[in-house]
Structure formats: structure tokens, C-alpha cells
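Novice: Quick one: the structure is below, and I'll ask about it shortly.
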Amino acid sequence: MDYQFYTTDVFTSKPFNGARIPVFPNADGLSDYQMQLIANETNASDTVFVTDDDDKNTKQLRIFTATKKETKPATHTLIAAAQVLTSLNQLPLDSKTPLFFKNGNAVSEIFVTNDNGKPGVIIQSQITRAVIDRFVPTNDELARMLSLIPADIGFDHHQPLIISCDAPYLIVPIKSYNAIRAARFDTRAWSQSSAPASAAQGILLFSNNTDENSADFHTRLMGPDISIHDDPPVAPVISDFAHYLCQNPRIQKGTHVFAVQRGANEDRRSYLHLEMDNKEEKELTIRIGGSAVMMTESTLSV
Numbered sequence: 003m004d005y006q007f008y009t010t011d012v013f014t015s016k017p018f019n020g021a022r023i024p025v026f027p028n029a030d031g032l033s034d035y036q037m038q039l040i041a042n043e044t045n046a047s048d049t050v051f052v053t054d055d056d057d058k059n060t061k062q063l064r065i066f067t068a069t070k071k072e073t074k075p076a077t078h079t080l081i082a083a084a085q086v087l088t089s090l091n092q093l094p095l096d097s098k099t100p101l102f103f104k105n106g107n108a109v110s111e112i113f114v115t116n117d118n119g120k121p122g123v124i125i126q127s128q129i130t131r132a133v134i135d136r137f138v139p140t141n142d143e144l145a146r147m148l149s150l151i152p153a154d155i156g157f158d159h160h161q162p163l164i165i166s167c168d169a170p171y172l173i174v175p176i177k178s179y180n181a182i183r184a185a186r187f188d189t190r191a192w193s194q195s196s197a198p199a200s201a202a203q204g205i206l207l208f209s210n211n212t213d214e215n216s217a218d219f220h221t222r223l224m225g226p227d228i229s230i231h232d233d234p235p236v237a238p239v240i241s242d243f244a245h246y247l248c249q250n251p252r253i254q255k256g257t258h259v260f261a262v263q264r265g266a267n268e269d270r271r272s273y274l275h276l277e278m279d280n281k282e283e284k285e286l287t288i289r290i291g292g293s294a295v296m297m298t299e300s301t302l303s304v
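Per my numbering, the very first residue in the sequence shown carries number 3; after that it's consecutive.
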């Protein structure tokens with residue numbers, strides 16, 4: 003049987019930038035085993051499989067990774083699905099009409115702006131909670147596991163923290179863009195530190211030095227399960243990052259808007275728009291938005 007699929011570049015308005023996400027808009031009939039085989043073959047960070055749902059303006063989503071596992075939808079995969087499905091008129095293109103994507107018992111709400119008949123900025127709104135752990139490796143330990151020096155760590159009252167919304171991540175402020183790009187994950191130093199005991203899935207590095215672009219922060223995700231040459235999407239960790247920012251005394255009550263960059267300036271860059279309503283409460287409402295570009299249309303015979 004033939005299955006059409008599309009690839010999208012997410013969190014960018016320029017082709018050959020952002021995160022490349024394949025989407026199968028009509029995946030009914032594919033087994034779990036076949037979905038995983040296809041995800042292995044696409045070799046993308048995530049591959050999206052869409053099936054119908056009985057509810058209006060709603061689709062079922064399943065996400066498989068090239069590392070042979072199924073994962074929950076994150077904003078980049080939701081944006082990819084919304085871009086493809088509204089472009090194909092399988093879901094309405096109306097910024098006032100929410101779209102819903104289901105994954106098990108979880109439901110994600112998405113809004114797609116209409117840009118002269120084409121999908122524009124795509125926004126996910128969510129209410130999040132986080133567990134915050136201040137017991138983190140020392141700056142010396144962090145420097146060793148990142149192949150940096152202790153002086154590279156920390157700026158503007160930002161300190162390393164472990165934040166957990168869906169899964170715990172160690173978030174580490176780095177003084178410069180160049181230091182983030184120079185960082186190399188050291189598996190041995192990681193294993194000898196206190197980080198594995200925290201169950202942290204990886205490390206999110208960030209800096210407010212973005213090397214001559216308009217973003218507020220540059221980010222990079224590293225960890226024991228990430229290849230040294232990979233620069234994976236940071237959308238799965240963006241809610242953790244929002245809660246992290248709220249721990250800084252300079253982030254006062256109110257609504258804050260940030261532009262977050264991922265990817266080297268000479269490589270595939272992503273720009274995420276993060277808006278958060280800091281009420282200094284346990285719950286934090288965040289809105290994550292970005293654009294996407296349809297790149298390819300293909301057919302796979304299974």
C-alpha cells in the first residue's frame with residue numbers, strides 16, 4: 003500500500019533551516035512495527051503519524067524517533083502536523099478555531115494563523131507545572147562534562163538547576179555563544195558526577211549571547227543519548243526552560259516574551275517564540291509559536 007508523506011522545516015520561515023520533521027497525514031493501517039521501521043528509515047529526530055478521530059477539528063498523533071522508541075508529541079511535531087494538515091485542507095485554516103491533537107489521554111491545543119490562505123505562525127498554548135531541584139553538580143563538574151572551563155558557567159544571576167515538567171533536565175547558563183558551540187559532552191565526566199542520580203535526561207545549555215541575531219537566547223541540547231555532532235530540537239524542553247527563567251529574580255510578575263534560537267549560525271537554525279504568564283504560582287501558562295516550511299512530498303510503498 004502507498005502512503006504519502008511530507009517533510010517540513012519547523013521553527014523557521016526559510017527552507018533548509020529549523021528541524022526537519024516528516025509527517026504521514028493518513029497513517030491509518032500502519033502497525034506500530036511499521037511506524038518504527040519507517041521512523042528508522044527517515045532518520046529524522048521525530049516522525050509524525052496522523053490518524054483520524056471522531057471529534058471535529060481533531061486528529062490522533064503518534065511520534066516515533068530514529069532511536070527506536072515512541073515519544074510524546076512536543077511543539078515541533080505538533081507544528082509540523084498542523085502545517086501539513088492545514089495545507090492539505092484536512093483541518094481548517096482559521097486562527098480563531100483551535101485544532102486538537104490527541105496522543106493517548108493527552109490533548110494538545112493548537113492555533114494556526116491564516117497568512118493569505120496559507121498557514122502562518124502556529125501556536126501551542128499549555129498550562130505547565132514543574133519540579134525544581136537545586137542540588138546540581140558543581141561548576142567544576144559541569145565544566146568537565148561539557149569540556150569547558152568553570153568561568154564559562156553562569157551569568158546574570160542565572161544558576162544551574164534541574165527542572166522537570168515531563169522529564170528532568172539539567173539547565174546550565176553559559177556566558178557566551180562561542181562557549182556553547184565549543185562544548186563537547188564528556189560521557190565519563192557525566193557518569194562520575196551527581197547528574198545520573200538526578201535522573202536528568204540531558205543538559206540544556208543557554209546563553210544570552212546569540213552572535214549577531216535578534217534572539218534573546220541561544221540554546222543547545224546535549225546528553226548521554228545525543229550524538230556529539232547532533233543539535234536536536236529543544237521544543238521538548240522549552241516548558242522546562244520557561245520555568246527555569248521564572249526562578250531568576252529579574253523575571254518579575256507579568257507576561258514575558260522571548261525569542262529562542264537553536265542551531266549554529268552557519269547551520270540549520272530554529273527560532274521559537276516563547277510567551278509566558280509569570281504569576282509566581284506553581285502553574286505557568288506558556289505559548290510556544292513558530293513558522294514552518296513544507297519541503298517535500300513523497301510516496302512510500304509498504
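Every residue gets a Cβ at the ideal spot worked out from N, C-alpha and C, and that includes glycine. Please read all numbers here as calculations on a predicted model, not as lab measurements.
At what residue ranges does the region 177 to 225 contain a whole run of the alpha helix (DSSP H), taking only runs of 4 or more?
Specialist: As far as the region 177 to 225 is concerned, its whole alpha helix (DSSP H) runs of at least 4 residues are 179 to 184, 189 to 193.
Novice: In this structure, what does DSSP give as the bridge partners for L163?
Specialist: DSSP, once it has assigned bridges, lists I173 as partnering L163.
Novice: If contact is defined by three or more beta carbon pairs under 8 angstroms, each pair taking one atom from either stretch, is the region 49 to 61 in contact with the region 23 to 30?
Specialist: A contact exists between the region 23 to 30 and the region 49 to 61.
Novice: Just the Cα atoms here: how many angstroms apart are L63 and F103?
Specialist: Each residue's alpha carbon lies about 6 angstroms from the other.
Novice: Any idea what DSSP makes of E282, helix, strand or coil?
Specialist: E282 falls in the coil class under three-state DSSP.
Novice: Provide the residue span of the alpha helix (DSSP H) that contains H245, from first to last.
Specialist: Segment 240 to 248, the alpha helix (DSSP H) holding H245.
Novice: Going by C-alpha to C-alpha distance, which of K61, D56, T67, T14 sits closest to Q36?
Specialist: Among K61, D56, T67, T14, the Cα nearest to that of Q36 is on T67.
Novice: Pop quiz: C167 and S241 are said to be a contact at Cβ under 8 angstroms. What is the actual Cβ separation, rounded to whole angstroms?
Specialist: The Cβ separation is near 5 angstroms, so the contact holds.
Novice: Rounding to the nearest angstrom, what Cα-Cα distance links P162 and E299 in this structure?
Specialist: Computed Cα separation, rounded: 43 angstroms.
Novice: For G119, which option in L95, S127, Q126, N19 has the closest C-alpha, if you only look at C-alpha atoms?
Specialist: Of the listed residues, the one whose Cα sits closest to G119 is L95.
Novice: What residues in its chain sit with their C-beta under 8 angstroms from that of N250, if we drop five residues either side in the sequence?
Specialist: Cβ neighbours of N250 beyond the five flanking positions: D158, H159, H160.
Novice: On the CB-based measure, 16 or more other CB atoms within 10 Å of its CB, does A1 come out buried or exposed?
Specialist: The structure shown does not extend to residue 1, since the chain is modelled only from 3 to 304, so the question has no answer here.
Novice: Helix or strand or just coil, what does DSSP make of V86?
Specialist: In the structure shown, V86 sits in a helix (DSSP, three-state: H, G or I).
Novice: Quick check on the burial criterion: 16 or more other C-beta atoms within 10 angstroms. Buried or exposed for R146?
Specialist: Classification for R146: buried.
Novice: Using a Cβ-Cβ cut-off of 6 angstroms (strictly less than) and excluding sequence neighbours within five positions of I112, which residues of its own chain qualify?
Specialist: The residues are L80, A84, L101, Q126.
Novice: Apart from the five residues on each side of it in sequence, which residues of its chain come closer than 7 angstroms, Cβ to Cβ, to Y246?
Specialist: L163, I165, I173, listed in sequence order.
Novice: Go ahead and pull the three-state DSSP assignment for R318.
Specialist: Residue 318 is absent from the structure shown; the chain starts at 3 and stops at 304.
Novice: Across which residues does DSSP place N116 in a beta bridge pair?
Specialist: N116 pairs with P121.
Novice: Among S216, F13, P226, I129, which residue has its Cα nearest to the Cα of L206?
Specialist: The option with the nearest alpha carbon to L206 is P226.
Novice: Would you mind sorting I155 into buried or exposed? The rule is 16 or more other CB atoms within 10 Å of its CB.
Specialist: With 16 or more other Cβ atoms within 10 Å, it is buried.
Novice: With 16 as the cutoff for other CB atoms within 10 Å, does K281 come out buried or exposed?
Specialist: Per the 10 Å Cβ criterion, exposed.
Novice: Excluding five sequence neighbours on each side, which residues of the same chain lie with their C-beta closer than 8 angstroms to the C-beta of F187?
Specialist: Closer than 8 angstroms at Cβ, skipping near neighbours: M147, L148, S149, I205, M224, G225, P226, I228, I230.
Novice: Spell out the partners DSSP gives F66 in its beta bridges.
Specialist: DSSP, once it has assigned bridges, lists T49, E72 as partnering F66.
Novice: Alpha carbons only, please: which of F18, V262, D56, G256 is nearest the one belonging to A294?
Specialist: Considering only alpha carbons, the answer is F18.
Novice: Look at the Cβ atom of I182, then the Cβ atom of S209, and state whether they are nearer than 8 angstroms.
Specialist: In contact: I182 and S209 (Cβ atoms closer than 8 angstroms).
Novice: Are the beta-carbon atoms belonging to I23 and T130 less than 8 angstroms from one another?
Specialist: Contact flag unset, no.
Novice: Over what stretch of residues does the alpha helix (DSSP H) that includes N42 continue unbroken?
Specialist: Element bounds for N42: 34 to 44.
Novice: Counting only beta-carbon separations shorter than 8 angstroms, does L32 have a partner in chain C?
Specialist: Of the chains in the structure shown, none is chain C; there is only one protein chain.
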